[in-house]
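Asks: The listed protein sequences correspond, in order, to chains A and B.
Mapping to the numbering used here: the first sequence position 261 is 261, numbers consecutive.
In the numbering used here, each number is its position in the second sequence, counted from 1, plus 1000.
Glycine residues also receive a C-beta, built at the ideal position from the N, C-alpha and C atoms.
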Amino acid sequence: MKFSDILLTALANMRRNKARTILTIIAIFIGAATLTLTNGIGDGIKAYLNRQVGNLGSTNTLQVTVANSPTVSPASSNTTPPKYDPNHKSSAIQDRGPNGGSQYLLSQNDINKIKNVPNVVTVLPGRSISPDYITNFGSDKYQISVGEAYGSINLDMKTGMVVNNNAANNEITIPELYVSPLGFSSDADALNKTVIIAITSASGLQSQHTAKIVGVQNKSLIGSSGAFVNTAFADVLYNAQSIGLPSQAKGQYSFVVAQLTPGISDADIATAKSNLKALGYDATTVKDRVNTVFTVIDAIIIIFDMFGAITLLAATFGIVNTLLMSVQERTKEIGLMKALGMGPRRIFTLFSCEAVLIGFFGSVLGVGFAKLLGVVVNNIAAKGFLKNFEGLQLLAFPFRTLLVIIIGIMLIAFLAGTLPAYRASRKDPIEALRYE
Amino acid sequence: MAVIATEKLKKVYGKKDAAVTALDNINLHVAAGESIAIIGKSGSGKSTLMHLLALLDKPTAGSVLINNQNASKLSPKQLDSLRNKSYGFVFQQFFLNANDSVLNNVILPLKIAKIGRKERNRRGLEVLKEVELEDKIKSKANDLSGGQKQRVCIARALINNPEIIFADEPTGNLDSATGQKIEDLLFKLNKEQGISLIIVTHDHDLASRCNRSIIIKDGHIVEERTS
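Spelled out as structure tokens, the structure:
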């Protein structure tokens, strides 16, 4: 029998007991739809997070701290608590950094050492800036956190663009949340307007500084929900904040930011990290820092996928059952085909084809249904409960994932079909054609 | 020349203590164009003999010779091909696919032989004309009468231009008038096309129309009649 004839015969056989075929296909359909939806949710969230990762810094930016700094939880990374090291200075004097408390600090000496590591282009001190408020001329005052936009940071921008670190003027991007409270009629209206940031120095003196809004950021799930400033403005704010700081505390940073060669490969990033590690520093990329989030999401998706897999497993038994019944019912037909010279391999192929076709129809329908549902849900979600998460597609279906699911299910269906198909191929034509 | 022959054919079912000898020392020659009836009661071994001749089963000892070639030397694939191309089968119980069309039932051997759609349909129509069922070509096999069904089976057996047609109680399920027509058709093919007929039956009237009858009892040929 030609393969095309086998395929057509398999299709005709499936039509013979429509109810049973449809029920089996429905079982596969449910499994396929479940898998597609759970993966769709996972992919949707991950795609969103990947875009949001830009809010934390560019991919070739390393945040460098002193290794074994007490802020690194000793319980998780070490088996014993780290020993006190008098060579490392602790910031017990005063640290305005976000980590607070005691922490090993980096000095100009450290910065020079880091600069010498291959692929490190620039090293900028990590300056924690803690402004008091942001205001527009005449508007209310609002609390805001401010981050320095190191290097080629890739923020998820709603309008405008990222601040220019080479600019001499003070530049700032603000989260969209601040647009209307600061008295701007729209995002576009805020662009190129000037806002005021107030900051209090160590000596207790409050000063006001102005910067031009160059962009409005999308709301973010992870990372900073604060404003980003360029180097020029960060200098201004940091200097204002540092007035009155004891001289020992000056030039001491809880972290520094190392810029690597742009477009650097992942392997080179890893090398740079291990080089820094050898010098006694911990270096992390943005990805490293959000990896925890990804790990959690992956774990949740795996649990979801397991539900899908269980549904599929049940459906697989459905295929086995359906085909076993089919083989039983068609004993005489199989016997006849063998008597007429059809080889066992072709018989096996015929029944395998039926299994694969059931898998194909079930998975294509299931995946298609899930995709359709995704479009509807995304629409509803975008207008409803996910309104605040701009750019978040609840369900994303990369074509490759869909293809993998369909092919995977067809493969599983084939495996499920092997037992019945094998039985069919082993049927003895004499037994099969014996009068009852 | 013998299209099919056996030499000291023996078939034993089961092993050791439970062994049952179904056939023993069967020597048979079927010449091209000859018609032979194998007669015997149920359990006599006549069905076993037909299965061995039709290459559906393997003998315990002895050999089946197809055109002077020992069948035991053929691979399973060659056996399948031989059955597909040189043999026709007509069964008492028809074994038609009830929900398939008459044409699709008839062309099954050609489908298995990987012959293209056009050629099989042409040949299908040809053999259906031969059994006078060309008007039923699109009917479902299930909608036919018993006699018509058996004619479809004969058409299916004919489609590959076989050398031999094996007929296992071909009239067993039919009333005598319809059975008579089927017999006429089979013998007509035998005479006009020179197809050898091997008919397993317990109907002595049918057997008497064959060139020879072989009577089997307890696994042995006990009598051979020439008519």
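1) When the Cα of B/K1085 is compared with those of B/N1104, B/L1096, B/T1060, B/I1112, which residue comes out closest?
2) Which chain A residues sit within Cβ distance under 8 angstroms of B/I1112?
3) Chain B partners of A/I430, CB-CB under 7 angstroms?
4) Mind checking the region 1144-1178 of chain B against chain A and listing, in chain order, the residues whose C-beta falls within less than 7 angstroms of any C-beta there?
5) Which of helix, strand or coil does DSSP assign to A/G160?
6) Using the C-alpha atoms, what's the distance from A/G215 back to A/T159?
7) Taking A/D132 as the reference, give the member of A/G126, A/I144, A/F397 with the closest Cα.
8) Spell out a yes or no on whether the region 1134-1141 of chain B and the region 392-411 of chain A are touching, meaning 3 or more CB-CB pairs, one atom from each, closer than 8 angstroms.
9) How close, in whole Å, do the beta carbons of A/A339 and B/F1089 come, if the pair is a contact with beta carbons under 8 angstroms?
10) In chain B, which residues lie with their C-beta within 9 angstroms of the C-beta of A/D5?
11) According to DSSP, is B/I1112 part of a helix, a strand, or is it coil?
12) What separation, rounded to the nearest whole angstrom, lies between the Cα atoms of B/K1181 and A/L312?
13) Within 9 angstroms of any Cβ in chain B, is that where the Cβ of A/A424 sits?
14) In the region 1057-1083 of chain B, which residues sit with their C-beta less than 9 angstroms from some C-beta in chain A, listed in chain order?
15) Span of the beta strand (DSSP E) holding B/G1062?
16) Using a Cβ-Cβ cutoff of less than 8 angstroms, which residues in the same chain neighbour A/T271 once the five nearest sequence positions on both sides are dropped?
17) Quick one: does B/D1203 have its CB under 9 angstroms from some CB of chain A?
18) Check whether the Cβ of A/S9 lies closer than 9 angstroms to any Cβ atom in chain B.
19) Between the region 1030-1045 of chain B and the region 1198-1217 of chain B, do three or more beta carbon pairs fall short of 8 angstroms?
20) A/L395 and A/N378 look like a contact to me (Cβ under 8 angstroms); what is the Cβ gap, rounded to whole Å?
21) When you compare the CB positions of B/L1055 and B/L1082, do they come within less than 9 angstroms of one another, or not?
22) What whole-angstrom Cβ distance do B/K1114 and A/M1 have, given they're in contact under 8 angstroms?
23) Residue range of the beta strand (DSSP E) that A/G126 falls in?
24) Go ahead and label B/T1006 buried or exposed: buried means 16 or more other beta carbons lie within 10 angstroms of its beta carbon, across all protein chains shown.
25) How is the beta strand (DSSP E) around B/R1212 delimited, first residue to last?
26) Measure from the C-beta of A/L323 to each C-beta in chain B and report whether the shortest distance is under 9 angstroms.
27) Run down chain B in chain order and give the residues with a C-beta less than 8 angstroms from the C-beta of A/R16.
28) What residue does the beta strand (DSSP E) around B/A1039 start on, and which one ends it?
29) Against chain A, which members of the region 1189-1218 of chain B pass a CB distance test of less than 9 angstroms?
30) Please report the straight-line C-alpha distance between A/N136 and A/L182, rounded to a whole angstrom.
31) Does DSSP classify B/R1122 as helix, strand or coil?
32) Kindly provide the ranges of any alpha helix (DSSP H) runs that are 4 or more residues long and lie completely inside the region 175-227 of chain A, ordered along the chain.
33) Once the 5 residues before and after A/L372 are set aside, which same chain residues still bring their CB inside 6 angstroms of it?
34) Taking the alpha carbon of B/F1094 as the reference point, which residue from B/D1080, B/K1149, B/N1142 has its own alpha carbon closest?
35) Against chain B, which members of the region 398-413 of chain A pass a CB distance test of less than 7 angstroms?
36) Residues of chain A with CB closer than 8 angstroms to the CB of B/F1095, please, in chain order.
Replies: Inspection of the coordinates gives the following:
1) For this step, residue 1085 of chain B is matched to residue 85 along the second sequence. Looking at the Cα atoms, B/I1112 is the closest of the given residues.
2) If you number the second sequence from 1, residue 1112 of chain B lands on position 112. Within chain A, the residues near B/I1112 are M1, M337, L340, G341, M342, R346.
3) Along the first sequence, read from residue 1 onward, the residue named residue 430 of chain A stands at position 430. Near A/I430 (Cβ distances below 7 angstroms), the residues of chain B are H1051, L1056, D1057.
4) Listed in sequence order: no entries.
5) The sequence position of residue 160 of chain A within the first sequence is 160, counting from 1. The answer is strand: DSSP assigns A/G160 an E or B state.
6) The residue given as residue 159 of chain A occupies position 159 in the first sequence. The residue given as residue 215 of chain A occupies position 215 in the first sequence. C-alpha separation (whole angstroms): 6 angstroms.
7) Mapped onto the first sequence, residue 132 of chain A falls at position 132. Checking every option, the nearest Cα to that of A/D132 belongs to A/I144.
8) No: fewer than three Cβ pairs fall under 8 angstroms.
9) What you label residue 339 of chain A is simply residue 339 of the first sequence in a count that begins at 1. What you label residue 1089 of chain B is simply residue 89 of the second sequence in a count that begins at 1. That pair is a contact at about 6 angstroms.
10) As a position in the first sequence, residue 5 of chain A is number 5, starting the count at 1. The contacting residues are K1111, I1112, K1114, R1117.
11) Counted from its first residue, the second sequence places residue 1112 of chain B at position 112. Look at B/I1112 here: in three-state DSSP terms it is helix.
12) What you label residue 1181 of chain B is simply residue 181 of the second sequence in a count that begins at 1. What you label residue 312 of chain A is simply residue 312 of the first sequence in a count that begins at 1. Rounded to the nearest angstrom, the two C-alpha atoms are 55 angstroms apart.
13) As a first step, residue 424 of chain A must be located in the first sequence, where it is residue number 424. At a cut-off of 9 angstroms between C-beta atoms, A/A424 does not count as an interface residue with respect to chain B.
14) The region 1057-1083 of chain B vs chain A, Cβ under 9 angstroms: D1057, P1076, K1077, L1079, D1080, S1081, L1082, R1083.
15) As a working note, residue 1062 of chain B is residue 62 in the second sequence. Looking at the DSSP string, the run of the beta strand (DSSP E) that includes B/G1062 is 1061-1066.
16) Looking up residue 271 of chain A in the first sequence gives position 271. Hits under 8 angstroms: P118, N119.
17) For the purposes of this step, residue 1203 of chain B is taken as residue 203 along the second sequence, with counting starting at 1. No, B/D1203 does not count as interfacial toward chain A.
18) Within the first sequence, the letter at position 9 stands for residue 9 of chain A. Here the sequence assigns Thr to residue 9 of chain A, which means Ser is not the residue at that position. Yes, its Cβ sits closer than 9 angstroms to a Cβ of chain B.
19) Note that the region 1030-1045 of chain B touches the region 1198-1217 of chain B; at least 3 beta-carbon pairs, one per stretch, sit closer than 8 angstroms.
20) For the purposes of this step, residue 395 of chain A is taken as residue 395 along the first sequence, with counting starting at 1. For the purposes of this step, residue 378 of chain A is taken as residue 378 along the first sequence, with counting starting at 1. A Cβ-Cβ separation of about 6 angstroms places A/L395 in contact with A/N378 under the 8 angstroms criterion.
21) For the purposes of this step, residue 1055 of chain B is identified with residue 55 of the second sequence, where counting begins at 1. For the purposes of this step, residue 1082 of chain B is identified with residue 82 of the second sequence, where counting begins at 1. Result yes, Cβ atoms of B/L1055 and B/L1082 sit closer than 9 angstroms.
22) Taking the second sequence and counting its residues from 1, the one referred to as residue 1114 of chain B is at position 114. Taking the first sequence and counting its residues from 1, the one referred to as residue 1 of chain A is at position 1. Taking 8 angstroms as the upper bound for CB-CB distance, B/K1114 and A/M1 are in contact here, some 6 angstroms apart.
23) Translated into positions along the first sequence, residue 126 of chain A becomes position 126. Per DSSP, A/G126 belongs to the beta strand (DSSP E) from 120-126.
24) To locate residue 1006 of chain B, count along the second sequence from 1; it is residue 6. By the beta-carbon neighbour count (other beta carbons within 10 angstroms, threshold 16), B/T1006 is buried.
25) Residue 1212 of chain B sits at position 212 when you count from the first residue of the second sequence. Taken as a continuous stretch (DSSP letters only), the beta strand (DSSP E) holding B/R1212 covers 1212-1217.
26) Mapped onto the first sequence, residue 323 of chain A falls at position 323. Residue-level contact by beta carbon fails for A/L323 and chain B, as no gap is shorter than 9 angstroms.
27) The sequence position of residue 16 of chain A within the first sequence is 16, counting from 1. The contacting residues are N1099.
28) Numbered from its first residue, the second sequence carries residue 1039 of chain B at position 39. Note that residue 1039 of chain B is Ile in the sequence shown, not Ala. Start and end: 1035-1039.
29) Taking 9 angstroms as the Cβ-Cβ cut-off, the region 1189-1218 of chain B has no residue approaching chain A.
30) Residue numbering aside, residue 136 of chain A sits at position 136 when the first sequence is read from its first letter. Residue numbering aside, residue 182 of chain A sits at position 182 when the first sequence is read from its first letter. Near 6 angstroms, if we compare the C-alpha coordinates of A/L182 and A/N136.
31) Position 122 of the second sequence, counted from the first residue, corresponds to residue 1122 of chain B. Helix at B/R1122.
32) Taking 4 residues as the minimum length, the alpha helix (DSSP H) runs contained wholly in the region 175-227 of chain A are 187-190, in order along the chain.
33) Locating residue 372 of chain A in the first sequence gives position 372, where the first residue counts as 1. For A/L372, where only same-chain residues beyond five positions count, there are no Cβ hits under 6 angstroms.
34) Taking the first residue of the second sequence as position 1, residue 1094 of chain B is located at position 94. Nearest of B/D1080, B/K1149, B/N1142 to B/F1094, Cα basis: B/K1149.
35) Answer in chain order: no residues at all.
36) Position 95 of the second sequence, counted from the first residue, corresponds to residue 1095 of chain B. The answer, in chain order, is K332, E333, G335, L336, L433.
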